[in-house]
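Right, one structure below, let's go through it.
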Amino acid sequence: MAMVQPKSARYRLWATHAALLAFVAVILFPLLMVISISFREGNFATGSLFPENPTLEHWSLALGIPYTHEDGSVTQPPFPVLLWLWNSVKIALVSSVLILLLSTTSAYAFARMRFGGKAPILKGMLIFQMFPPVLSLVAIYALFDQLGQHVSWLGVNSHGAVIVASLGGMALHIWTIKGYFESIDASLEEAAIVDGATTWQAFFHILLPMSVPILAVVFILAFITSVTEYPIASVLLMDVDKLTLSVGAQQYLYPQNYLWGDFAAAAVLSGIPITAVFLYCQKWIVGGLTAGGVKG
Amino acid sequence: MPRWMMPPSASPVEPVAGRLHRRAGRLSSVHIGSSPVNARAELPSPAMTRSTPWGLPRPVTTGLRWLLWLAFNAFALYLVVALYVQGQMAFALLGLVVSGIASYLFINRRMYAQRYIFPSVAGMLVFVIFPLLYTVGIGFTNYSGSHLLSQAQVERYHLNQTYLAGERFRFTLHQSPDGERLRIDKGEQGVFVSPPLTGEPDVEAPLSLQPAEAAGELGDALALREVIQRRKALEQWVMQAPDGSLLRLYGLREVAAVEPQYRQDGPGVLVDNRTGARLTADMERGFYVDETGKAVPPGFTVFAGFANFSRVLTEPSIREPFMQIFAWTFAFAGLTVVFTLALGLVLASLLQWELVRGKAFYRLMLILPYAVPAFISILVFRGLFNQNFGEINLLLDSLFGMRPDWFSDPALARTMILIVNTWLGYPYMLLLCMGLLQAIPRDQYEASAIDGASPLDNLLRITLPQLIKPLMPLLIASFAFNFNNFVLITLLTRGGPDIIGATTPAGTTDLLVSYTYRIAFQDSGQDFALAAAIATMIFLLVGAMALLNLKLSKVKV
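Protein sequence lines, in the order shown, are assigned to chains E and H.
Last residue of the first sequence: number 296 in the numbering used here, and the count goes up by one each step with no gaps.
Last residue of the second sequence: number 1557 in the numbering used here, and the count goes up by one each step with no gaps.
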């Protein structure tokens, strides 16, 4: 604790707490509101933060169970939310595994081997990563349209296309893993090679087991990136059954068909797992991200 | 999308690498040379000469390798040739380059390191660089909803057009063991049967009809309902009677004799068989035009030079909205950076204070907006800001008696976007600032306390000057990210309210990216070329930002 404190410190401390609490309240307002709305009756209900007549109508629909009202009428679920969530998770899992595999091997070469064109390739990756894929959507669509005529599981309106398209975004992960590899002393691998291991064996049996933490971080980052990806999936996927959550969710809020309550339940339902994963992992994610800032 | 995963972030990663570099430098005395592994990479290691990783004898694995290589090349070659035959030059070239490099790396032992990086570089090449170049290319053509095909395809389309020339005959559709067959009753000329309708219909190769006697057993005719179901497919087939006349489906019960409408008369010239009128291919407009200059759709894609670019800069109905959107895009990205940084810095400074208890709680609450997936929180705001039953307006109504129309008034819509984006973006700045603040020595604040400085003095004279340098590349990355923040605009306002008097779909809250997207993909638009031209301009801007960022963050490789 600092040795010198101004006299007014105590009042300022209370003011700080008050300001922080007020700010937190404002920040949390939308999140609390949407939870509250998911328990309200109907799609246009208004009211206080704690609903007067809480109902599970929207939650039942979000979980895909038709809801029977008190007057006996039955409402069918408007959209297959759980299917969308499953699509998102499926695509994200496969693409993160692929990204992890490919970016780890690349990062190994960038960190440990010397070859022509290494620096330009690394820098070029960083530069090209800045170009948003939204701008080349016409080309990406055309590319998968062509591919699909020869390889059907890679065509437009297939999950394979979305997975493969995500492989364009590996540069960031390669840099992260490469940085970590460089922080590990190479002498162990050297020793293994002197003892007769191949380069691949040295990489696989020695370096990889030491890098599990960074691999976990990259996996989670790739997973969350893929779940929240919108532009490419919105162009490549068409059938309602094939949509991912990020593309499907907006269908609740079309002006002609405004399902505010149903949306709230679906949003909370699908948002909680992703938020939980992030909060659970944020120590590592944030650590890797801010540690870098400290350089001059 | 939370900021840590933003594509343009050269910087969040770079410093880690940079820092580790210095550490690696310190360790270098341990190394034998800077790249010990590579020294042996090209030589077969003792272990490899004895056995292979799978324990198989060496000739077997070598044989397998070559077999695999041959299979890969055969498949790649097939794909490339198929694309080339279809006239897809760009895609054929892409396939050739990527598979060629792969094949070369596989057989060349000196290319050991490149084999490791090939998959990721290829991914980048195929899904980032190629689409980028392809988009730039489209910007110089007239590719759009009405100019989708190539000239050869349009010519073929015209040559396949037919007109009703003669009599009509009744037909029935029969299910035979080999597939469905048409039975056509040509009255006095006899009854004819088509071969089974299998495979893709091809107008250039008509099906030859044969007399019914030779065709064998046909089975019962299908009901009209089933003919209706197959109507679309049936209409594609052209049949040729033994006397050479062409027949095509006409309605649901009859086929009619048809004649080709055009015949070719030299390259790029078609003559109408009925009227004798000449159509010539206009390579500037991308249409076949008749003598009066009237275009006959469909159009084809032609090279247009800088026409799209000059349209953006000179045509008032495009230029005005473009300039307006351009200015708003800069304002939006700049203001977002300023707001999120200001908020993040103030909060980080407050949390930095030793006397504040419960930091873990505040920190968790404050980064919540960052943890919730952006596509969900943006849609939540879309509902909350709704004019009639959004909770924000209900609150404002009860407090101040007003119900602003957030989605119809341009100024309010922009305010709303900035509010939402600040909510989404400040946690990233908060986290960055919290990390950076720890690097500032505490005694500087003690010294300033002795001199009686206020917290504001501390912020402006001690904290900010020391933060700004390491923050700069991150701020540029954040600016570039928000410059292209497509998801926010698309999910929140879809660009609306619209700009009045624009001929392209343009809204007052559109960013350049969402504007481009709408020109290309919205129903009324489909002007891919114009969208690509604008995208090319954005590419130049983004490229400049990326280079600046790379320079400022002093990336070491």
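Don't be surprised by glycine CBs; every beta carbon is placed ideally from N, CA and C.
Since we're looking at a predicted model, the values are computed, not measured.
| Item | Value |
| --- | --- |
| Sort H:Asp1202, H:Gln1444, H:Leu1471 and H:Met1416 by Cα distance to Pro1497 of chain H and report the nearest one. | H:Met1416 |
| Can you tell me the Cα-Cα spacing of Gln1151 of chain H and Phe1303 of chain H, whole angstroms? | 11 Å |
| Below 8 Å between beta carbons: does that hold for Ile1129 of chain H and Phe263 of chain E? | no |
| For chain E, find out if any of its Cβ atoms is closer than 8 Å to the Cβ of Ser1120 of chain H; answer yes or no. | yes |
| By Cβ distance below 6 Å, which residues in the same chain neighbour Leu269 of chain E in space, the five residues on each side in sequence not counted? | Ala62 |
| What does Ile1538 of chain H reach in chain E if we use C-beta pairs closer than 7 Å? | Leu135 |
| Give me the residue from H:Gly1251, H:Leu1399 and H:Arg1278 with the minimum Cα distance to Gln1264 of chain H. | H:Arg1278 |
| Apart from the five residues on each side of it in sequence, which residues of its chain come closer than 6 Å, Cβ to Cβ, to Gly1299 of chain H? | Ser1146, His1147, Gly1286 and Phe1287 |
| Sort H:Ser1099, H:Ala1374 and H:Phe1192 by Cα distance to Leu1424 of chain H and report the nearest one. | H:Ala1374 |
| Can you tell me whether Asn1484 of chain H is buried or exposed? The criterion is at least 16 other CB atoms within 10 Å of its CB, across all chains shown. | buried |
| Between Ser1045 of chain H and chain E, is any beta-carbon pair separated by less than 8 Å? | Confidence is the limiting factor: at Ser1045 of chain H the pLDDT is only 42, short of 50, which leaves the residue's position unreliable and the question unanswerable from this model. |
| Restricting to Cα atoms, I'd like to know which of H:Thr1340, H:Leu1270 and H:Arg1319 is closest to Ala1471 of chain H. | In the sequence on display, residue 1471 of chain H carries Leu and not Ala. It is H:Thr1340 whose Cα lies nearest to the Cα of Leu1471 of chain H. |
| Strictly under 8 Å for the Cβ-Cβ distance: is Met125 of chain E near chain H by that measure? | yes |
| Tell me which residues share the same chain as Pro1242 of chain H and place their Cβ nearer than 7 Å to its Cβ, disregarding the 5 neighbours each side in the sequence. | Leu1209 |
| Taking Cβ to Cβ, would you say Leu237 of chain E is nearer than 8 Å to Thr228 of chain E? | no |
| Report the option in H:Asn1482, H:Leu1347, H:Leu1149 and H:Val1238 whose CA atom is closest to the CA atom of Gln1086 of chain H. | H:Leu1149 |
| Interface residues of chain H around Ser246 of chain E at Cβ under 7 Å? | Phe1375 |
| How would you list, in chain order, the residues of chain H whose beta-carbon sits under 7 Å from the beta-carbon of Thr228 of chain E? | Met1001, Pro1373, Ala1374 and Phe1375 |
| Assign Arg1461 of chain H to one of two classes, buried (16 or more other C-beta atoms within 10 Å of its C-beta) or exposed (fewer than that). | exposed |
| Do Gly1344 of chain H and Cys1433 of chain H have their beta-carbon atoms positioned less than 8 Å apart in this structure? | yes |
| Please look up how many angstroms separate the CB atoms of Tyr1515 of chain H and Leu20 of chain E, rounded, as I've assumed it's under 8 Å. | No, Tyr1515 of chain H and Leu20 of chain E are not in contact; Cβ-Cβ is about 39 Å, not under 8 Å. |
| List in chain order: all unbroken alpha helix (DSSP H) runs of 4+ residues lying wholly within the region 187-224 of chain E. | 187-194 and 199-202 |
| Going by DSSP, what residues sit across from Asn257 of chain E in a beta bridge? | E:Tyr254 |
| Just verifying my parser: in three-state terms, what is the DSSP assignment at Arg1109 of chain H? | helix |
| Just to confirm before moving on: does the CB-CB distance between Glu1254 of chain H and Arg1168 of chain H stay below 8 Å? | yes |
| How would you call Asn53 of chain E, buried or exposed, if buried means at least 16 neighbouring beta carbons within 10 angstroms? | exposed |
| Can you tell which of H:Leu1105, H:Arg1319, H:Ser1317 and H:Pro1427 has the C-alpha that lies nearest to the C-alpha of Leu28 of chain E? | H:Pro1427 |
| Using a Cβ-Cβ cut-off of less than 8 Å, give me the residues of the region 1144-1174 of chain H that come near chain E, in sequence order. | none |
| How would you list, in chain order, the residues of chain H whose beta-carbon sits under 7 Å from the beta-carbon of Leu253 of chain E? | Leu1379, Arg1382 and Gly1383 |
| Please go through the same chain and pick out, in chain order, the residues whose beta-carbon is closer than 8 Å to the beta-carbon of Leu1335 of chain H, but skip the five residues on each side of it. | Leu1418 |
| Measuring straight from C-alpha to C-alpha, what distance separates Ile184 of chain E and Met210 of chain E? | 8 Å |
| Grab me the residues of Leu122 of chain E's own chain with a C-beta within less than 7 Å of its C-beta, minus the 5 sequence neighbours each way, in chain order. | Phe110 |
| Report yes if the C-beta distance between Ile224 of chain E and Val277 of chain E is below 8 Å; otherwise report no. | yes |
| Determine, for Leu20 of chain E, whether the minimum Cβ-Cβ distance to residues of chain H falls below 8 Å. | yes |
| Relative to chain H, which residues along the region 109-125 of chain E have a C-beta separation below 7 Å, given in chain order? | Ala109, Phe110, Arg112, Met113, Arg114, Phe115, Lys118, Ala119, Ile121, Leu122, Lys123 and Met125 |
| Quick one, which of H:Arg1065, H:Leu1552, H:Ile1184 and H:Gly1166 has its alpha-carbon nearest Leu1173 of chain H's? | H:Ile1184 |
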